[in-house]
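One structure is given here, and the rest of the page talks about it.
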Amino acid sequence: MTTRYTKSHEYVRVEGGTGVVGITDYAQSQLGDVVFVELPPVGERLSKGAEAATVESVKAASEVNAPVSGEVVEVNSALADSPGLVNEDPSGKGWFLKIKLTDATELDSLMDEDSYRAFLKAVS
Amino acid sequence: MSDIQTAAAVRDLVRTPLYDLHRALGACMTGFAGYTMPVQYPSGIVGEHLFTRTRAGLFDVSHMGQAILSGPNAARRLETLVPGDIAALAPGRMRYTQLLDGHGHILDDLMVTRLDDEAGRERLFLVVNAAPKRADFAHLAAELPDCALTVLEDRALLALQGPRAAEVLRRHVLPAAAKSVSAMPFMAAGSYAREGIFLDISRSGYTGEDGFEISLPAAAAPGFAQELLDEADVRPIGLGARDSLRLEAGLCLYGHDIDRTTGPVEAGLSWSISKRRCEEGGFLGYEQVKRAIEYGPSRLRVGFLVDGKVPAREGAEIVTLEGETIGRITSGGFAPSLGRPVAMGYVDTAHAAPGAQVCPIVRGKPLAAKIVPIPFVPHHYFRGDR
Chain A
0 MTTRYTKSHE
10 YVRVEGGTGV
20 VGITDYAQSQ
30 LGDVVFVELP
40 PVGERLSKGA
50 EAATVESVKA
60 ASEVNAPVSG
70 EVVEVNSALA
80 DSPGLVNEDP
90 SGKGWFLKIK
100 LTDATELDSL
110 MDEDSYRAFL
120 KAVS
Chain B
0 MSDIQTAAAV
10 RDLVRTPLYD
20 LHRALGACMT
30 GFAGYTMPVQ
40 YPSGIVGEHL
50 FTRTRAGLFD
60 VSHMGQAILS
70 GPNAARRLET
80 LVPGDIAALA
90 PGRMRYTQLL
100 DGHGHILDDL
110 MVTRLDDEAG
120 RERLFLVVNA
130 APKRADFAHL
140 AAELPDCALT
150 VLEDRALLAL
160 QGPRAAEVLR
170 RHVLPAAAKS
180 VSAMPFMAAG
190 SYAREGIFLD
200 ISRSGYTGED
210 GFEISLPAAA
220 APGFAQELLD
230 EADVRPIGLG
240 ARDSLRLEAG
250 LCLYGHDIDR
260 TTGPVEAGLS
270 WSISKRRCEE
280 GGFLGYEQVK
290 RAIEYGPSRL
300 RVGFLVDGKV
310 PAREGAEIVT
320 LEGETIGRIT
330 SGGFAPSLGR
340 PVAMGYVDTA
350 HAAPGAQVCP
360 IVRGKPLAAK
370 IVPIPFVPHH
380 YFRGDR
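So the protein lines, in turn, are chains A and B. To convert, note that position 3 of the first sequence is 2 in numbering that gives the first Met the number 0; the numbers rise steadily by one, no gaps. To convert, note that position 81 of the second sequence is 80 in numbering that gives the first Met the number 0; the numbers rise steadily by one, no gaps.
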């Protein structure tokens, strides 16, 4: 299992060709209270960097981009009734969608946990 | 998530006297009107919002412009630039009004408090919005050369808002003043001595709740703010909840709901124009304002109650059930007190009737919404012991 991060604060946790995508704890803390998450339909094909979902916090609407290319194989239906899971447990119960990777080498262009931590230090 | 603002981007911004306190309280800071301001504290916007509605919230609004306009005839002179009845203000009373341009459009909205006269000069305390404050003051100075405009650069401004605000504040002024602070009705103001400084307190605010705005020397502000925050009934509130609170209260945000393209009548602010001003005129933009009052404006600011959970925000187009575009949202979001999205915006007057079903377009899809009277949450102003 490997977890990779984007500069726009999404994560993808990959296990056996499928990645769980969500936003980082830093991202949720910056967004504040999440009130709605718009998720893509299962089966949608996303290319790396394309808009995958929209998070509505009390403050604003923000785009969530696909960290890697692939097909959406599952979305977190629990977010419909409990969007606050994104704030409470962003890397666990607050995940957004699962994506079947088309090109695992795309992961190489993303940050590992140590690099992401260093990146956060630099931006905050 | 590329729109997250980094600390580097806020480095050049102006700090209010409470900057260190905000950081110590764990605020998430953002750039607003050239200032670095707290958007939210660790408890989050919803928590802060609900706390203000049930107890009391402390807001740093020191970025707003404060000034004193004085002159032998300052009230009548200011009336040449605003449609509000300033001449009728007794000392210690305040009024909401707007600076208008020659087209009857709004340059800014402001609070005007009549202070006691001094040496035969009338004195008005003005509080204007942060972003247009320099332009406002330049406009006032240019249009009213016979008056003196003193910009109060070294004053902080705090707002204490919520049902517990009055009982908290009375504990923090001199005992002799406590009773008069509590008895002060909405839109009244006074100056209260406290440990060698003067607090200029008004019973006003931007949340729809009972509450106060307190102007005080910048140097004294952090200590006084901390003292209020030491009360269990008071928590710090950021700009995020300030926005959701004023939205629920149906209050206009300058630069969004009102600006240089909107007039006071279509904005639903005719209540702030007295009969005398309307009949006598004598202010910039009078012709346009009078025409709008007599014939009715072509569009009107209304409230929208949005079905479902998707917030409809500023810029969203409003269409009828038949698909005809009738207006646009000027501010909107999630209303924490109602647990649902609400919005305000302008629609063609023919479609502005309460109860009408309309569709805000969000990300290309129509949502279901209904035009409703504003405020969304009733005001709880203290009108005095009657």
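The C-beta atom is built at its ideal place from N, Cα and C for all residues, glycine as well.
Can you find the residues in the same chain that come closer than 8 Å, C-beta to C-beta, to residue i, ignoring five residues on each side of it along the sequence?
{"i": "Asp386 of chain B", "result": "In the structure as shown, chain B begins at 0 and stops at 385. Residue 386 of chain B is therefore absent and cannot be evaluated."}
{"i": "Tyr285 of chain B", "result": "Pro82, Gly103"}
{"i": "Thr445 of chain B", "result": "Past the edges of chain B, shown from 0 to 385, lies residue 445 of chain B, and the structure says nothing about it."}
{"i": "Thr23 of chain A", "result": "Tyr4, His8, Glu9, Tyr10, Pro89, Ser90, Tyr115"}
{"i": "Pro296 of chain B", "result": "Gly262, Val264, Glu265, Thr348"}
{"i": "Ala60 of chain A", "result": "Thr53, Val54"}
{"i": "Pro221 of chain B", "result": "Pro16, Leu17, Asp19, Leu20"}
If we count the other Cβ atoms within 10 Å of its Cβ and call it buried at 16 or more, is residue i buried or exposed?
{"i": "His48 of chain B", "result": "buried"}
{"i": "Lys6 of chain A", "result": "exposed"}
{"i": "Val41 of chain A", "result": "exposed"}
{"i": "Arg22 of chain B", "result": "exposed"}
{"i": "Met28 of chain B", "result": "buried"}
{"i": "Pro372 of chain B", "result": "exposed"}
{"i": "Leu401 of chain B", "result": "Residue coverage of chain B in this structure runs from 0 to 385, which leaves residue 401 of chain B outside it and unanswerable."}
{"i": "Pro353 of chain B", "result": "exposed"}
{"i": "Ala195 of chain B", "result": "Residue 195 of chain B is actually Gly in this sequence, not Ala. Result: exposed."}
{"i": "Asp256 of chain B", "result": "buried"}
{"i": "Ala274 of chain B", "result": "For clarity, residue 274 of chain B is Lys in the given sequence; the question names Ala instead. Looking at its Cβ environment, which holds fewer than 16 other Cβ atoms inside 10 Å, Lys274 of chain B is exposed."}
{"i": "Asp108 of chain B", "result": "buried"}
{"i": "Phe197 of chain B", "result": "exposed"}
{"i": "Tyr191 of chain B", "result": "buried"}
{"i": "Ala158 of chain B", "result": "buried"}
{"i": "Leu38 of chain A", "result": "buried"}
{"i": "Glu117 of chain B", "result": "exposed"}
Name, please, each residue of chain A whose Cβ falls closer than 7 Å to the Cβ of residue i.
{"i": "Val376 of chain B", "result": "Residues of chain A passing the Cβ test: none, with the nearest at roughly 15 Å."}
{"i": "Pro235 of chain B", "result": "Simply none; closest approach about 15 Å."}
{"i": "Gly25 of chain B", "result": "The premise fails here: Gly25 of chain B is roughly 10 Å from chain A at the closest Cβ pair, so nothing lies under 7 Å."}
{"i": "Gly119 of chain B", "result": "Ordered by position in chain A, no residue passes the 7 Å Cβ test against Gly119 of chain B, which lies about 50 Å from the chain."}
{"i": "Gly332 of chain B", "result": "Val57"}
{"i": "Pro131 of chain B", "result": "Near Pro131 of chain B there are no residues of chain A at all, since even the closest Cβ is about 23 Å away, more than 7 Å."}
{"i": "Pro16 of chain B", "result": "The premise fails here: Pro16 of chain B is roughly 24 Å from chain A at the closest Cβ pair, so nothing lies under 7 Å."}
Spatial neighbours of residue i within its chain, please: C-beta separation below 6 Å, excluding the five flanking residues on both sides.
{"i": "Val318 of chain B", "result": "Thr324, Cys358"}
{"i": "Gly267 of chain B", "result": "Arg300"}
{"i": "Ala240 of chain B", "result": "Ile44, Glu47, His48"}
{"i": "Ala351 of chain B", "result": "Leu299, Val301"}
{"i": "Lys97 of chain A", "result": "Thr17, Val19, Val72, Glu73"}
{"i": "Asp115 of chain B", "result": "Pro90"}
{"i": "Pro82 of chain A", "result": "Val33, Val34, Phe35, Val36"}
By the criterion of Cβ-Cβ separation under 8 Å, what are the contact partners of residue i in chain A?
{"i": "Val38 of chain B", "result": "Gly31, Lys58"}
{"i": "Gly239 of chain B", "result": "Gly31, Val57, Lys58"}
Kindly list the residues whose CB is nearer than 7 Å to the CB of residue i, restricted to its own chain and excluding five residues on each side of it in sequence; keep chain order.
{"i": "Arg154 of chain B", "result": "Gln65, Ser214, Leu215, Pro216, Ala217"}
{"i": "Ile360 of chain B", "result": "Ala315, Glu316, Val318"}
{"i": "Pro335 of chain B", "result": "Val45, His48, Leu49, Ser243"}
Using a cut-off of 9 Å between C-beta atoms, extract the partners of residue i located in chain A.
{"i": "Gly207 of chain B", "result": "Per Cβ cutoff of 9 Å: no residues; Gly207 of chain B is ~17 Å from chain A at best."}
{"i": "Gly91 of chain B", "result": "In chain order: nothing, as chain A lies at least about 37 Å away."}
Review point. Unbroken alpha helix (DSSP H) runs of length 4 or more, entirely within the stretch 73 to 110 of chain B: which are they?
Key: 73 to 77
### Task
May I ask you to list, following chain order, the residues of the stretch 243 to 255 of chain B that have a beta carbon less than 7 Å from some beta carbon of chain A?
Ser243
Chain A contacts from the stretch 350 to 378 of chain B (Cβ-Cβ distance under 8 Å):
Arg362
Next on the checklist: Closer than 7 Å between beta carbons: that is the criterion. Which residues of the stretch 40 to 57 of chain B meet it against chain A?
Outcome noted: Gly43, Ile44, Val45
- Task: Could you please tell me which residues of the stretch 23 to 36 of chain A, in chain order, have their CB closer than 9 Å to any CB of chain B?
- Result: Thr23, Tyr25, Ala26, Ser28, Gln29, Leu30, Gly31, Asp32, Val34, Phe35
The stretch 49 to 65 of chain A: which residues have C-beta closer than 9 Å to a C-beta of chain B, in chain order? Result list: Thr53, Val54, Glu55, Ser56, Val57, Lys58, Ala59, Ala60, Ser61, Glu62, Val63, Asn64.
- What are the residues of the stretch 292 to 313 of chain B that lie near chain A, defined by any Cβ-Cβ distance shorter than 9 Å? Gly307, Lys308, Val309, Pro310, Arg312
Problem set entry | alpha helix (DSSP H) runs wholly inside the stretch 221 to 256 of chain B, at least 4 long, in chain order | 238 to 247
Point to revise | Runs of alpha helix (DSSP H) lying entirely within the stretch 277 to 317 of chain B, each at least 4 residues, in chain order | key: List check, alpha helix (DSSP H) in window: 285 to 294.
(message) As an exercise, report each continuous alpha helix (DSSP H) stretch of at least 4 residues that is fully enclosed by the stretch 24 to 54 of chain B, in chain order.
(response) 43 to 53
Check distances from the C-beta atoms of the stretch 167 to 184 of chain B to those of chain A and list, in chain order, the residues that come in under 9 Å. none
(request) Write down every uninterrupted run of the alpha helix (DSSP H) in the stretch 27 to 93 of chain A whose length is 4 residues or greater and which is fully enclosed by it, in chain order. (result) 77 to 80, 84 to 87
Runs of alpha helix (DSSP H) lying entirely within the stretch 125 to 158 of chain B, each at least 4 residues, in chain order:
Within the stretch 125 to 158 of chain B, the complete alpha helix (DSSP H) runs of at least 4 residues are 132 to 142.
_Extract the residue ranges of the beta strand (DSSP E) inside the stretch 325 to 358 of chain B, only unbroken runs of 3 or more that lie entirely within it._
339 to 347
| Residues of the stretch 141 to 168 of chain B with Cβ closer than 7 Å to any Cβ of chain A, in chain order | Cβ contacts with chain A: none found.
Of all the residues that make up the stretch 203 to 230 of chain B, which are near chain A by a beta-carbon distance shorter than 7 Å? none
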